[in-house]
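Going by this note's numbering, the residue at position 8 of the sequence shown is 1061; the numbering climbs one at a time, nothing skipped. Every residue, glycine too, gets a C-beta built ideally from N, C-alpha and C.
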Amino acid sequence: MMKTLPLLFAFILLSCNGQESKMKMRKKNKSSELKKNEEIKSSIIEKDNNYSIVTQKEADINQDGKPDKVTVYSTEWNKEIKPNDFKLFKVIVKLSNNENKFTILTNDNIIEPYYPDNVASGFSDVKIKDNFFTIEQANGGGGVIDRSFITFKYDKFKKGIYLHRYSVLTTEMSSGDEKEYKTELTTKDFGSIPFGNFNIKAINSK
């Protein structure tokens, strides 16, 4: 009986080591598969023939020491532009992480569609500072121009991007007079809105 105990313990130890190795291998394979899926997803988005890159900014948004990207895409005008034609936009954020993988966030409800009769510039720029980035756009018609500044923040506790502030500078022009007023909403007004759930039409109705 005494001779069989060491053999039994050795068998149990080898069995445990074997299971641990299998678990590590499965975890590694799963991680590799997830990374591959994200790369395929990113490739599909970037090669969408309906959209082309308008601007792309690179910065360490999630503060992990690795570069992240904010890219704005838009559709193109038809060869013959008609009054009802419009350009669509989408914003894609690509975040790196500590596992040499990345997360892709997409939203096509941040930038308003751009119509031929828009007297303003439409999408203007992306500004990034630390873990904040702001989407700027201007839209106008009927003597009114709205310049909006939509600021998102990377929350290190929630490990995600959320709406931080929504500001609109409105300029009204009538009979030679010009009036400006500012509207600003913060998390106290709209609560917690993840990047992917933001909708400019919904927040403008508040």
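Close Cβ partners of residue i (< 6 Å) along its chain, the five nearest in sequence each way excluded
i	result
GLU1225	VAL1197 and LYS1232
GLU1189	SER1177, ASP1178 and PHE1202
THR1187	LYS1180, PHE1202 and THR1204
TYR1168	PHE1139
THR1240	none
SER1220	PHE1202 and GLU1237
VAL1144	VAL1125, ASN1160 and ILE1163
LEU1222	ARG1200 and LYS1235
ASP1183	none
Residue(s) in a DSSP beta bridge with residue i
i	result
PHE1186	ILE1181 and PHE1205
ASN1192	ASP1199
LYS1262	Outside the modelled stretch of the chain, which goes from 1054 to 1259, sits residue 1262, for which no answer is possible.
PHE1176	GLN1190
GLY1213	ASP1208
Opening and closing residue of the beta strand (DSSP E) in which residue i lies
i	result
LYS1122	1121-1127
ASN1160	1155-1160
ILE1164	Here ILE1164 belongs to no beta strand (DSSP E), and DSSP marks it neither H nor E.
LYS1147	1142-1149
GLN1109	1105-1112
Delimiting residues of the alpha helix (DSSP H) encompassing residue i
i	result
LYS1016	Since the first and last residues shown for the chain are 1054 and 1259, residue 1016 lies out of range.
Nonlocal neighbours in the same chain, by C-beta distance under 7 Å from residue i, ignoring five residues either side
i	result
ALA1173	ALA1191, ASN1192, GLY1193 and ILE1198
ASN1103	THR1128
VAL1216	Reading off the sequence shown, one finds Leu at residue 1216, where the question assumed Val. Only PHE1205, PHE1243, ILE1246 and PHE1251 meet the Cβ criterion.
PRO1166	PHE1139, LYS1140 and LEU1141
Beta-carbon proximity list for residue i, same chain, < 8 Å, skipping 5 on both sides
i	result
SER1227	GLY1196
ASP1117	SER1149, ASN1150 and ASN1151
LYS1094	Reliability fails at LYS1094, whose pLDDT of 46 lies under 50, so the model's placement of it is uncertain and no value is given.
VAL1107	VAL1125, TYR1126, SER1127, PHE1142 and PHE1176
ASP1170	PRO1136 and GLY1194
ILE1134	PRO1169
Scan the region 1216-1251 and note each continuous alpha helix (DSSP H) run of 4 residues or more that stays entirely inside, going in chain order. 1240-1243
How about the region 1121-1139 and the region 1101-1113: do they share at least three Cβ pairs that are nearer than 8 Å? yes
Can you confirm whether the region 1129-1142 touches the region 1205-1212 when touching is taken to mean that 3 or more C-beta pairs between the two stretches lie within less than 8 Å? no
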